[in-house]
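Residue numbers (my numbering): 3 to 127.
Shown next, in structure tokens, is the structure this report addresses.
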Amino acid sequence: CFSSFFFSRLTKDDPINGYCFAGVQRWTRKIDLFSFDKVILPVHLSSHWTCAVINLRDRRFEFYDSMGGEGKVYLEILRSYLQDEHLDKKKTALDLSDWQDYTPGNTVPQQNNINDCGVFTCKFM
């Protein structure tokens, strides 16, 4: 699991225009990210917590949001990150053509206030 600062550094706090692999490139210098089954990334969306997962075992990118968001932008960022990480550490391109995106949407309980997102994120991970 990365710290909550990872995603903000990866995106320079601007997920639409701010992707920056160099901001997190050294975070994995002593570990092989590809040796794990899952990589969990807490994502703070200014006033709401969600969670993203790189599921290496099942070959999919996952986004969990207790308010039902699909997180398409964040899934694309994860794709770019994993490709850049593989190229940097393994020195080869990574083909993600058979990887899937997964969001449970409203199939998990949803929060009905603005305070419980952290609890929901932890509970359904």
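The C-beta atom is built at its ideal place from N, Cα and C for all residues, glycine as well.
- Skipping 5 residues on each side, what residues in its chain have a beta carbon closer than 6 Å to that of Asn57? For the purposes of this step, residue 57 is taken as the residue at position 55 of the sequence shown. If we look at Asn57 and ignore the five residues flanking it on each side, its Cβ neighbours are Lys40 and Glu64.
Review point. Does the pairing of the region 95-110 with the region 60-76 give three or more beta-carbon distances under 8 Å?
Key: yes
Where the alpha helix (DSSP H) through Tyr83 begins and ends
Along the sequence shown, read from residue 1 onward, the residue named residue 83 stands at position 81. First-last of the alpha helix (DSSP H) with Tyr83: Lys74 to Lys92.
| Taking three-plus beta-carbon pairs below 8 Å as touching, is the region 86-97 in contact with the region 24-41? | In short, these stretches touch, since the Cβ pair count reaches three.
Discussion item. Whole angstroms are fine: how far does the CA of Ile42 sit from the CA of Lys14?
Written reply: Start at 1 with the first residue of the sequence shown, and residue 14 comes out as number 12. Start at 1 with the first residue of the sequence shown, and residue 42 comes out as number 40. Taking the straight line joining both Cα atoms gives about 19 Å.
Thr52, enclosing beta strand (DSSP E) - first and last residue:
Indexing the sequence shown from 1 puts residue 52 at position 50. Note, Thr52: beta strand (DSSP E), Trp51 to Asn57.
- Query: What's the call for Phe9, buried or exposed, on a 16-neighbour Cβ count within 10 Å?
  - Reply: Position 7 of the sequence shown, counted from the start, is the residue given in the question as residue 9. With 16 or more Cβ atoms within 10 Å of its Cβ, Phe9 is classed as buried.
### Query
In or out: Ala95 buried (at least 16 other Cβ within 10 Å) or exposed?
Along the sequence shown, one-based indexing puts residue 95 at 93. Under this definition Ala95 is an exposed residue.
- prompt: What's the gap between the Cα of Ser6 and the Cα of Lys93?
  reply: What you label residue 6 is simply residue 4 of the sequence shown in a count that begins at 1. What you label residue 93 is simply residue 91 of the sequence shown in a count that begins at 1. The alpha-carbon atoms of Ser6 and Lys93 are separated by roughly 27 Å.
Neighbourhood of Cys22 by C-beta distance below 8 Å, restricted to the same chain and skipping five residues each side: Working through the sequence shown from its first residue, we reach residue 22 at position 20. Excluding residues within five positions, the ones whose Cβ falls inside 8 Å are Arg11, Leu12, Thr13 and Lys14.
Along the chain, where does the alpha helix (DSSP H) that runs through Leu12 open and close? In the sequence shown, residue 12 corresponds to position 10, counting from 1. Phe7 to Thr13 is the extent of the alpha helix (DSSP H) around Leu12.
On the three-state DSSP scale, how would you describe Leu43? As a position in the sequence shown, residue 43 is number 41, starting the count at 1. Leu43 carries a strand assignment under DSSP once its states are collapsed to helix, strand and coil.
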